[in-house]
Structure formats: structure tokens, C-alpha cells
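Below is one structure, written out as C-alpha cells; comments come after it.
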Amino acid sequence: MSERQERFKAAVRALMEEAALQEDAHLTPERLIAYHQGELSSEDERRVQDHLVVCRECTALLLDLEAFPALDQQGARRLSDAEVAAAWQQMESQIQPGETMGFFAGARQWFGAMLSPARLPYAIAASLFIVSLALAAWIVSLRQENQQLMARLKVSPAGQDRDLASIKRSLQEARRRLAEAARRDEQYQTQIAQLQQSLEELSQPQVNVPIADLYPQGFIRGQQETIETIEVPPGANFFALVLNVSDRRPYASYALEIVDREGRVIWRDRGLRMSSYDNFTLMLPRRLFPAGEYRIALYGLRDGRRELVDRYVLRIQYQ
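Per my numbering: the sequence shown = residues 225 to 543.
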């Protein structure tokens, strides 16, 4: 890094320190730049204007800030030594004696080195312009960094709140599923207990099992549809049916189908075999057949086809 750049950075640091020391006495560079760019609120603008009325130094700095964009055009004419000296004396007269030993004392030494005859034409204007641009860039950078930090401070709690809300929702969902699983487990345990009780009851010998002899419809000529009624006592879990047949044609096997009064199939199966008494026996569970009327169809199976053998009508009543 060159000696000029080191001096320039030292001058900038001195300016920032002087501005910090005089924060209560004068407007900060950030505030002047914000006022110049119209970034302040109406209340802040009014306060700045009230300060400018009574502070010549801040007013002069604001005028210098407004004059910076025109430096390139004014630099078309070379400045004489007398004009440079007059400009420096005018700047020095605007600074209070107690403030001269701050930044401007160090800056004057740097400006003195720059005001050699070889660099005389644009020394003061270019130096002030560069310092102002550096200050403006530094202030903008600090402001952006502060805004980013504030944004992080604002976003971070919001992100934490969102994470916390998500965790709470997940916890509530987990609790709901756990409660649902516990409820289902209780239902399953109840069903298992009922099934075990039923199994124990069915494993015991059954007494007083009712038996009904069923004859096919039309077994007696001229007789209308007959409905056989079977009454099942309270303690009976099964009842037996004896299906007598009118058609004695032999079949390889038989099938049975039971439907309710609305025609819904309650049960069907194959593999029936005719007994030595030329009839069929069937044991039906109480749980599968509620009280009501049922129709039974007996089919004979031959060559992959089924042929209707007989029909029966049964009414079940539970005591």
C-alpha cells in the first residue's frame, strides 16, 4: 500500500473520530447525506433544517456536498496558486479554532504535500472529492451492514417461531396418533377377549341343540309355499338342519347357497355329501344368522355346471 493511500486512510479515520466526538454539536455525515438525498422523514428533515439555520459549519458542508457533482466541469480551468491559497483560507476560516486540531489538522498536512507546483491544478478539488466519495461509500456500506444485521435479528426470531410452531404441530400430531393407537389397542383387546370367550363357549359341549327337518318347495303337489320355522333357545349357539330331497339323481358333489329375504347371499359352499338316509345335514351358527326369513338352494354339480336340485324356505326365531 502506497504512502498516499495510508495518509488517505488516516485522514478518513480522523474524520470519523472527529465526527463521533462532535455528534452532539454537529450533524453526522450520514445525516447530511441522507438529508441531501431526501431519505429522511419529514420530522427529521425539520430538525436538520433547524440545525442548519444556526450552524454555519454544517451549512457549508452541505453546500460543498451539493457542489461535488459539478467538480468535473469546474476542473476544465487550471487554478492559480493564489486561488488555491484563497480557497484553503476560506475553508480554514469556516472551522472553529477548537476543531482545527482534529481531522483538518492532519488533512492539511496531507493536502500540503499534494499542493506541490506539479500537482497544483486539481489538488484541493480532487482531494476533497475523493474524501467525500470515500466517506459516502463507507457510510453506505455501514448502513447496509447494519440493515443486514437488523434483518437477521428480525428474521431469526421469526424463523425460530416458525420452527417452534412446526415442532408444536408435530408434537400435537404425534400425541393425536398415540391416543388413536391407544384407543384402537383398547378396542382390539376388547374384541380379543370377546373372541376368546366365544371360543371357550363353542369348545364346550352343546346341549339342547334344535333340529329342523326341511322339505323342498313343491314336495307335496298342490301345496303352496311352506315356511318351516325353527325356534332357537337362549343357550344354543348352533342349530341343525336336515335337508330332505325330492330329486334322487346322482351328482358328483353338491353346493348350497343361503340368501336372506332381500336376496343378499349370507353363505355358500361346496362339498356337501348325501348321507346314508338320502338327505343332507347342516349346522348353522347363531351369530351368522339373525332372526328372520331365509331361502336355501341346493345344487348338484356335474361337468363343471350346477343344476338346481331343491329349494327350501326357513324362518329363524330366537327365544
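Each residue gets a CB set at the ideal place from its N, CA and C atoms; glycine is no exception. What you are looking at is a predicted structure, and each value in this text was computed from that prediction instead of being measured.
Next on the checklist: Within 10 Å of its beta-carbon, does Ala436 have 16 or more other beta-carbons around it, so buried, or fewer, so exposed?
Outcome noted: buried
Checklist entry - Can Gly528 be considered in contact with the ligand HEM, in the sense that its beta carbon sits closer than 6 Å to one or more heavy atoms? => result With respect to small molecules bound, the structure shown includes none, and the ligand HEM cannot be examined in it.
Checklist entry - If you follow the beta strand (DSSP E) that Glu517 is part of, which residue opens it and which one closes it? => result Gly516 to Arg526
Checklist entry - Which same chain residues, not among the five before or five after Met507, have their C-beta less than 6 Å away from its C-beta? => result Phe462 and Ala464
Next on the checklist: Tell me the residue span of the beta strand (DSSP E) that contains Leu256.
Outcome noted: No beta strand (DSSP E) holds Leu256; the alpha helix (DSSP H) holding it covers Pro253 to His260.
Item to check | Simplified DSSP state of Leu245, which is helix, strand or coil | outcome: In this predicted model, Leu245 has a pLDDT of only 43, less than 50, meaning its place in the structure is not dependable; the value taken from the coordinates is given anyway. In the structure shown, Leu245 sits in a helix (DSSP, three-state: H, G or I).
Checklist entry - Looking at C-alpha atoms only, which residue of Gly459, Arg401, Leu289 and Pro474 is the closest neighbour of Asp527? => result Pro474
Checklist entry - Run through DSSP, which three-state label would Ala460 get? => result coil
Checklist entry - What three-state label does DSSP hand Thr324 in the structure shown? => result Legend: pLDDT at Thr324 = 44, less than 50; position of this residue unreliable, value from coordinates given subsequently. Reduced to three states, the DSSP call for Thr324 is coil.
Checklist entry - Quick one: Cα of Glu517 to Cα of Glu486, how far? => result 9 Å
Checklist entry - With 16 other CB atoms within 10 Å as the buried threshold, where does Gly524 fall? => result buried
Checklist entry - Which residue's Cα is closest to the Cα of Pro509: Gln543, Asp493 and Ala460? => result Ala460
Item to check | Selected residue, minimal CA-CA separation from Gln541, among Pro514, Arg535 and Leu423 | outcome: Pro514
Checklist entry - Taking just the CA atoms, how far does Arg401 sit from Thr450? => result 56 Å
Checklist entry - Hey, quick one: how far does the beta strand (DSSP E) through Thr450 stretch, first residue to last? => result Element bounds for Thr450: n/a, residue is neither H nor E.
Checklist entry - What does a CB cutoff of less than 8 Å around Leu289 pick up in its chain, not counting 5 residues either side in sequence? => result Leu256, Ile257, His260 and Ser356
Checklist entry - beta strand (DSSP E) containing Ala476: first to last residue? => result No beta strand (DSSP E) contains Ala476, which DSSP labels as neither H nor E.
Checklist entry - Taking Cβ to Cβ, would you say Val483 is nearer than 7 Å to Arg519? => result yes
Next on the checklist: By the three-class DSSP mapping on this structure, what secondary structure does Glu281 have?
Outcome noted: helix
Checklist entry - In whole angstroms, what is the alpha-carbon distance linking Arg271 and Glu397? => result 56 Å
Checklist entry - Which of the three DSSP states, helix, strand or coil, is assigned to Val466? => result strand
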